[in-house]
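K.L.:
All residue numbers for the sequence shown refer to our numbering, where the first residue is 89 and numbers rise by one.
Note that beta-carbon positions come from the ideal geometry of N, C-alpha and C, so glycine has one too.
Right, I'll just put the structure down here and ask away after.
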Amino acid sequence: MTEAYGDAVTAPFWAAAGQELLLQRCDSCGAHQFYPRPFCLACDHDGLSWTPASGTGVIYSRTEVRVKVRPELVPPYTVAVVALAEGPRMTTLVVGDDGEPGPTCEIGDAVEVAWMPRTDAPPLPVFRRSA
Ligand SMILES: [Zn+2]
């Protein structure tokens, strides 16, 4: 990718995608947040810094998609809300050990970030069960 992906708020997240999962951290109260925003959800402060996340979390909620909604995703596959170790929750695809989407997890499973390559955009953060 030669030009920045995303907008002024999200560009740093996408620039790091595939290398590390970044979260915003408030310079005033220390809260982490996702998705990226121009101010802190906890205290409204507008000073936020990007910080690497651990990339680990647990499945907070999940559902199995059984209807084809995107040509590149063949059902069934799992969409989950992951509670990241730093606190924020991220809606994401869950992949198996082969990196392919599938029916792969249960609520409470420990997961870690993986990266799904895309041809027209930076890698997409997805999650897989931790070894
Ligand atoms: Zn704050």
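Tell me Arg216's beta-bridge partners as DSSP assigns them.
P.N.:
Mapped onto the sequence shown, residue 216 falls at position 128. DSSP lists Val183 and Glu200 as partners of Arg216.
K.L.:
How would you label Gln112, buried or exposed, when you count the other beta carbons within 10 angstroms and need 16 or more for buried?
P.N.:
Here residue 112 is taken as the residue at index 24 of the sequence shown, counted from 1. Gln112 should be labelled buried.
K.L.:
Nearest CA to the CA of Tyr93: which residue from Val153, Ala209 and Leu110?
P.N.:
Your numbering for residue 93 matches position 5 in the sequence shown. Checking every option, the nearest Cα to that of Tyr93 belongs to Ala209.
K.L.:
Identify the residues that DSSP records as bridge partners of Ile147: which are they?
P.N.:
The residue labelled residue 147 in the question sits at position 59 within the sequence shown. Its beta-bridge partners are Val170.
K.L.:
Just to confirm, does Cys193 get its C-beta within under 7 angstroms of one of the non-hydrogen atoms of ligand 1?
P.N.:
Against the sequence shown, residue 193 aligns to sequence position 105. Because no heavy atom of ligand 1 lies under 7 angstroms away, the Cβ of Cys193 does not count as near it: no.
K.L.:
Can Pro176 and Phe122 be called in contact, C-beta distance under 8 angstroms?
P.N.:
Indexing the sequence shown from 1 puts residue 176 at position 88. Indexing the sequence shown from 1 puts residue 122 at position 34. Pro176 places its beta carbon less than 8 angstroms from that of Phe122.
K.L.:
Buried or exposed for Ala141, please, with buried defined as at least 16 other CB atoms from any protein chain shown within 10 angstroms of its CB.
P.N.:
By one-based count along the sequence shown, residue 141 stands at place 53. By the neighbour-count rule (16 or more Cβ atoms within 10 Å), Ala141 is buried.
K.L.:
Taking only the alpha-carbon atoms, compute the straight-line gap between Pro205 and Pro124 and give it to the nearest angstrom.
P.N.:
Numbered from 1 along the sequence shown, position 117 holds the residue referred to as residue 205. Numbered from 1 along the sequence shown, position 36 holds the residue referred to as residue 124. Distance from the CA atom of Pro205 to the CA atom of Pro124, rounded to whole angstroms, is 21 angstroms.
K.L.:
Using the beta-carbon of each residue, find all residues closer than 6 angstroms to any heavy atom of ligand 1 and list them in chain order.
P.N.:
Taken from the N-terminal end onward, the list reads Cys114, Ser116, Cys117, Ala119, Cys128, Ala130, Cys131 and His133.
K.L.:
Does any C-beta atom of chain E lie closer than 8 angstroms to the C-beta of Ala202?
P.N.:
The structure shown has no chain E; it contains just one protein chain.
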